[in-house]
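Numbering (our numbering), first residue to last: 453 to 692. Ideal Cβ positions, reconstructed from N, Cα and C, are used throughout, including at glycine. None of the values given here were measured: they were computed from a predicted structure. Below: the structure, in structure tokens.
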Amino acid sequence: MGVWGRGLLQSDDDYEIANDLSEMCQCKLLYPTIADDREGTIKKLNEGLVSQKFDKILSSDFQPRSRHHRRERVAIIFGMLAMELGVIIENRHLLALQVLRPFLPTVEQQLQLVTAIEEYKNNGIPWETGSKNFADTQKYKARGKSPFDLGDEFWFSGLGHSNDEHPAEAMVSKVCFGCGANDVELQKCNQCKMVRYCSKECQRTDWPIHKTVCEARESTRVCPVPSPEVMAAYQQLMCE
């Protein structure tokens, strides 16, 4: 499979990291089902295991099981898997994940990480990552565009959303990528049209990081989202 999308958890490497983390925690972390004892996994992580493993992964002497995996990537994938399960994460570990943004190689991955850290409720409600898995990506690409799907590797905006809330339509940052402000008017980067800033100063400060992933685009990626009333029926149709 290799790499099937530009988002998080869309490569064989990320799945390999997820499997390594599952072995480290002795429970399945990637899309666990009831048969995999999903509730038992969540309980185990919430009883101190998630903090213990975060401390281990973030320590300077941590060595990933596969040499080609970077410690920073392992920490990010662990954080996303924990959020997808609704596990309670200490604030110090969320802050540590925020600092790791420069280690992500695409603007889509950076947007997904920043959005998750900003909007994850950290109260037991799972986070829905905006990335489709390999099977869904292939299926929807074969189907092509539909009223509420662009036929690519992302669900709706691709940013992700809390399980109890409606997804967004536009793949654009909801906070300033320089300072994290979200209560002011934000302006989009003229080139990528995905990352936003509250001021020219913040944009200049962030440019050394952003320039490594900034690519020219004609417009912002926008995918219409059905109303809550239509969403359930639409999801049922797409599963057929």
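Check: Starting from the Cα of residue 624, find the closest Cα among 501, 632, 609, 554 and give me that residue.; Outcome: 609
Check: What is the DSSP secondary structure of residue 594, counted as helix, strand or coil?; Outcome: helix
Check: Helix, strand or coil for residue 520 per DSSP?; Outcome: coil
Check: In terms of residue numbering, what span does the alpha helix (DSSP H) encompassing residue 657 cover?; Outcome: 652-662
Check: Using the rule of at least 16 other Cβ atoms within 10 Å of the residue's Cβ for burial, across every protein chain shown, is residue 505 buried or exposed?; Outcome: buried
Check: Quick check on DSSP: helix, strand or coil for residue 515?; Outcome: coil
Check: Evaluate residue 632 with the Cβ neighbour count: other Cβ atoms within 10 Å of its Cβ, from every protein chain shown; 16 or more gives buried, anything less gives exposed.; Outcome: exposed
Check: Pull the bridge partners of residue 639 from the DSSP assignment, please.; Outcome: 649
Check: Is the beta carbon of residue 531 closer than 8 Å to that of residue 549?; Outcome: yes
Check: How about residue 497 and residue 534: do their beta carbons lie closer than 8 Å?; Outcome: yes
Check: Per the DSSP calculation, residue 606 is bridged to which residue(s)?; Outcome: 583
Check: Using C-beta distances below 6 Å, list every residue in its chain close to residue 640, excluding the 5 sequence neighbours before and after it, in chain order.; Outcome: 648
Check: Taking the alpha carbon of residue 393 as the point to measure from, which residue in 493, 570, 466, 518 has its own alpha carbon closest?; Outcome: Because the chain in this structure spans residues 453 to 692, residue 393 falls outside the shown range and cannot be described.
Check: Under three-state DSSP, which class holds residue 620?; Outcome: coil
Check: Restricting to Cα atoms, I'd like to know which of 574, 540, 474, 618 is closest to residue 500.; Outcome: 540
Check: Tell me the DSSP bridge mates of residue 455?; Outcome: 463
Check: Near residue 654, what residues of its chain come up, given a Cβ to Cβ distance below 7 Å and the 5 sequence neighbours on each side ignored?; Outcome: 628, 630, 631
Check: For a test of the three-state rule: what should DSSP assign to residue 489, helix, strand or coil?; Outcome: coil
Check: Could you check what DSSP says for residue 503 in three-state terms: helix, strand or coil?; Outcome: helix
Check: Given a cut-off of 8 Å, decide if residue 617 and residue 677 are closer than it, judged by their beta-carbon atoms.; Outcome: no
Check: If you pair each beta-carbon of the segment 454-465 with each one of the segment 577-592, do three or more pairs fall below 8 Å?; Outcome: yes
Check: Note the first and the last residue of the continuous alpha helix (DSSP H) segment covering residue 544.; Outcome: 543-551
Check: Does the beta-carbon of residue 612 have 16 or more other beta-carbons within 10 angstroms, so that it is buried, or is it exposed?; Outcome: buried
Check: If you follow the alpha helix (DSSP H) that residue 559 is in, where does it begin and where does it stop?; Outcome: 559-571
Check: Tell me whether residue 682 sits in a helix, a strand or coil according to DSSP, three-state version.; Outcome: helix
Check: With residue 472 and residue 517 assumed to form a contact (beta carbons below 8 Å), what rounded beta-carbon distance in angstroms separates them?; Outcome: 5 Å
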